[in-house]
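Chemist:
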């Protein structure tokens, strides 16, 4: 198998200076990523942080089917970042949580991959859980760039044709978002 190629899509530079605008095809992907991070199951696991650390659950996630071919996977990695306190008598954990939203396709497979063997689109975020209130994140930053990864056997010119893959995934994410809102009455 040939090596995978990566393209990035996301923010567009404005013509007259000012703040960059978000690519309209990327918005549904980022919105679904945000909703998956805020899902009640995720908050329940993160709020019960003592138990998931005791079990060694530093890596976990959830999955949503988008179509017969595409799936949205939310992967969570907790980095403990141990630091000695000022006196040097204790170790303090400055935990950060990395999130990866990975849209996978059953049609592709990579020899070398970052998160999952059949990854197609990757969105990343990093946050710090507020352990004092234990109700949500103290800091959360979602990277607006979306990485498209395809093997060269699937797409030889990813720079020219990459938008069609992002548009297809975006359409499925938008459909999932609309269906999800209708089912929950939001």
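In our numbering, the protein residues as written are 299 to 484. Where a beta carbon is used, it is the ideal one built from N, C-alpha and C, also for glycine. Given the structure is predicted, the values throughout are model-derived calculations rather than measurements.
Can you find a C-beta in chain C that's less than 9 Å from the C-beta of residue 478?
Modeler: No chain C appears in this structure, which consists of one protein chain only.
Chemist: Specify, as a first and last residue, the run of the beta strand (DSSP E) that residue 376 falls within.
Modeler: From DSSP, the beta strand (DSSP E) with residue 376 extends over 368-377.
Chemist: Got a sec, what are the start and stop residues for the beta strand (DSSP E) residue 435 sits in?
Modeler: Run containing residue 435: 435-440, per the beta strand (DSSP E) assignment.
Chemist: Is residue 323 helix, strand or coil when you go by DSSP?
Modeler: Coil.
Chemist: Compute the distance between the beta-carbons of residue 447 and residue 420, then report whether it is under 9 Å.
Modeler: Against a cut-off of 9 Å, the Cβ pair of residue 420 and residue 447 comes out as a contact.
Chemist: Enumerate in chain order the residues of its own chain whose CB-to-CB distance from residue 466 is below 7 Å, with the five nearest sequence positions on each side excluded.
Modeler: Closer than 7 Å at Cβ, skipping near neighbours: no residue.
Chemist: At a cut of 8 Å, does the region 362-369 reach the region 401-412 through at least three beta carbon pairs?
Modeler: The region 362-369 vs the region 401-412: in contact.
Chemist: Only counting the same chain, and skipping five residues up and downstream in sequence, which positions put a Cβ closer than 7 Å to that of residue 376?
Modeler: The residues are 356, 393 and 395.
Chemist: Alpha carbon to alpha carbon, how far is residue 471 from residue 363? Give it in angstroms, no decimals.
Modeler: In a straight line, the C-alpha of residue 363 is about 10 Å away from that of residue 471.
Chemist: Can you round the beta-carbon distance between residue 397 and residue 417 to whole angstroms, since I take them to be within the 8 Å contact cut?
Modeler: About 15 Å separates the two Cβ atoms, so there is no contact after all.
Chemist: According to DSSP, which residues form a beta bridge with residue 381?
Modeler: For residue 381, which the question treats as bridged, DSSP gives the partners 390.
Chemist: What number of angstroms, rounded off, separates the C-alpha of residue 459 from the C-alpha of residue 410?
Modeler: Straight-line Cα distance between these residues: approximately 22 Å.
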